[in-house]
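Counting from 1, position 48 in the sequence shown corresponds to residue 56 in this note's numbering; the numbering is continuous, with no gaps. See structure below.
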Amino acid sequence: MRVVSVPADADVLVETFRTVTFGGNDYPQNERLEKWERPIRLRVVGDLPAGAEVLPKIVSTFSEVAALPIEILLPPDPGEPNERLLILSAQSYQDVAARTAFPYRVDESTCSTYPARTLILIRTGMSTARTRDCVGHELLHLLGFRDHATTFSGSILGPAQLFADEPTINDLILLRTLYDPRLRAGMPRDEAM
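Shown next, in the form of structure tokens:
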């Protein structure tokens, strides 16, 4: 497991924040900041595969860093979710992805977060390390990071799969920045930057 424990240079972090928050690499640019301003209640549907047992730990870390309540609802909890995480077989993953309005390629995907921030899909049958990577990566998308850091390897949103069971120091810095109270959902990109 490769864990990045030394923060990147401030200029690199600012540029990475701009890209992952507002898009422009793998996804179209967004002119407004997206983030949660209410608690997240995440319903997990399906049995957690090997690797996904890190979900509670990562959710707890992200909740603390963002100062945002995130609750995991596991069956038979009757609570009403505002988000869902589906654990699916490879075929079911493809079936759900094909039925969901999603303008990007999903044929080779192993995990996805849909832009409306209502659904995370994680395919079963992956390695334990790849499943861990997907859990943290997709939760960061759920929290508001719309794109990937295609030239920055110091993040689980970057091009290299870190296969870590925890986010990097850079991920936590980016998340804390996004959830700084001075940044508000809907804020124009130039003002936020």
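The beta carbon of each residue, even a glycine, is placed where N, CA and C say it ideally should be.
Would you please state the rounded distance, in angstroms, between the beta carbons of residue 144 and residue 175? I believe it to be under 8 Å. That pair is a contact at about 5 Å.
With DSSP as the reference, please indicate the residues paired to residue 42 in a beta bridge. In the DSSP output, where bridge partners are listed per residue, residue 42 has none listed.
Could you name the residues of the same chain whose beta carbon sits closer than 7 Å to that of residue 90, not counting the 5 residues immediately before and after it, in chain order? 48 and 49
From the DSSP output, in three-state form, read off residue 81 for me. strand
Can you tell me where the beta strand (DSSP E) with residue 22 in it begins and where it stops? No beta strand (DSSP E) holds residue 22; the alpha helix (DSSP H) holding it covers 18-30.
Using DSSP's beta-bridge definition, name the partner residues of residue 51. 81 and 92
If you measure between the beta carbons of residue 182 and residue 21, is that distance less than 8 Å? Their beta carbons are under 8 Å apart, which means residue 182 touches residue 21 by this criterion.
Between 178, 193 and 131, which lies nearest to residue 73 when the distance is taken from Cα to Cα? 178
Tell me which residues share the same chain as residue 78 and place their Cβ nearer than 6 Å to its Cβ, disregarding the 5 neighbours each side in the sequence. For residue 78, where only same-chain residues beyond five positions count, the Cβ hits under 6 Å are 48, 67 and 71.
Go ahead and pull the three-state DSSP assignment for residue 127. strand
Given that a residue counts as buried once 16 or more other Cβ atoms are within 10 Å of its Cβ, and exposed if not, what is residue 24? With a 10 Å radius around the Cβ and a threshold of 16 neighbouring Cβ atoms, residue 24 comes out buried.
Buried or exposed (CB count within 10 angstroms, at least 16 for buried), residue 115: Its pLDDT being 40, under 50, residue 115 is placed unreliably in this model, and the value from its coordinates should be taken loosely. Exposed, since its Cβ has fewer than 16 Cβ neighbours within 10 Å.
Judging by CA-CA distance, which residue of 159, 133 and 134 is the nearest neighbour of residue 28? Nearest of 159, 133 and 134 to residue 28, Cα basis: 159.
Can you check whether the CB of residue 132 is closer than 8 Å to the CB of residue 57? yes
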